Amino acid sequence: MILVRTRDALAGAMSTLRASGATALVPTMGFLHEGHLSLVDRARELADRAVVSIFVNPLQFGPAEDLATYPRDEARDLSLLEARGADLVFVPAIEEMYPSGEPAVTVSPGRLEDRLCGRYRPGHFSGVLTVVAKLFGLVRPDVAVFGRKDFQQAVLIRRMVQDLNLGVRVETGPIVREPDGLAMSSRNAYLSDGERAQAVGLSRALLLALGRFHEGESGATALLEAVKDELARFPLLRLQYAELVDPEGLDSVDPAESGSVLALAAFCGTTRLIDNVELS
Ligand code: AMP
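All you need for my numbering is the position in the sequence shown, starting with 1, plus 31.
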């Protein structure tokens, strides 16, 4: 496994890798877990070479968010990636990604920012799309792999590639969960034992609504009420939003159809968690 930290070293290593076949990129912010590693597996299935980036992108954190405390463990990440068969890891410093400070030109998510998480995290998705566009420009992968855990992010990246003709194939991987159902997330490390025990409420609420959908309930109000009722059983959880949307335009749907996505965000103590389920 090759480790590079600069754009120049990346360019050199990529020209060698590209000569040996198709390349797939998995962008991450590190503190890796099985969810990230499942995307590395998928990258290796989809291409000859798997490239992983680790970069905690300041541009996607709001002023009151957790940039300074975001968990990091580079040595552990590198050994997990080596064991998983990644070919190249790009770990740039902030100055390497943003040599002139905050970029003057950024990518706008347009009207898709006014949906789901975008409404509560102004600037977040512009930061995400900007860094992903930069990574695409630097790595020039054939394929890029993202997790469905960050549902709105995956939708926006697919749309950016389509609308801006970036020429990268975008693939998504399923949400990897802890044995009790909690979606894996680097931010789960913030949870106290008591919070961790209640965080399971998010996936329970989504599963319960999925069960109601399977039983024939498709009304948005009834499905969202089922989510809220279940979450109310977990006093440490504070719902930010729960919405039922179409998986492309992210518009609210009622009634739900097969393929509609039920997405939510909730605070568990002070930690903001997200999860979603496709109704199918
Ligand atoms: P992050 O490091 O949080 O920026 O995530 C990097 C990539 O891993 C994104 O494409 C995420 O959607 C994906 N990811 C994070 N958690 C999971 C999970 N539990 N299952 C699948 N993919 C995930």
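Where is the CB? At the ideal position from N, CA and C, for every residue including glycine.
For clarity, every value in this text was computed on a predicted model and none was experimentally measured.
For Gly154, no beta strand (DSSP E) segment is defined, and its DSSP state is neither H nor E. Going by DSSP, Glu65 is part of the alpha helix (DSSP H) stretching over 65-77. Setting aside the 5 residues that flank it on each side, Thr37 is surrounded in the same chain by Pro123, Glu127, each with a C-beta closer than 8 Å to its C-beta; the list follows chain order.
Listed in chain order, the beta strand (DSSP E) elements of length 3 or more contained wholly in the region 177-250 are 200-204. Collapsing the DSSP output to three states places Ser51 in coil. Taken through DSSP and simplified to helix, strand or coil, Ser110 comes out as helix. Val136 carries a coil assignment under DSSP once its states are collapsed to helix, strand and coil. Following the DSSP letters along the chain, one finds Glu309 in no alpha helix (DSSP H) but inside the beta strand (DSSP E) bounded by residues 302-309. Chain order is used for the residues whose beta-carbon lies nearer than 5 Å to a heavy atom of the ligand AMP, namely Thr59, Met60, Gly66, His67, Phe177, Gly178, Lys180, Asp181, Ile206, Val207, Ala214, Met215. Between the C-alpha atoms of Ala273 and Ile188 there is a straight-line separation of about 22 Å. Ranked by Cα distance from Gly158, the first of Leu90, Leu233, Gly212, Gln229 is Leu90. When Cβ pairs closer than 8 Å are counted between the two stretches, the region 279-294 is seen to touch the region 235-249, the count reaching three or more. Nearest to Asn219 by C-alpha distance, out of Gly280, Asp260, Arg103, is Arg103. The alpha-carbon separation between Gly116 and Met32 amounts to approximately 8 Å. The straight-line gap separating the alpha-carbon atoms of Ser234 and Gly212 is approximately 6 Å. Nearest C-alpha to Gly225 among Pro266, Gly280, Arg73: Pro266. Sequence-distant partners of Leu237 (beyond 5 residues in either direction) whose C-beta falls short of 8 Å from its own C-beta, in its chain, are Val258, Leu293, Leu295, Asp306, Asn307, Val308.
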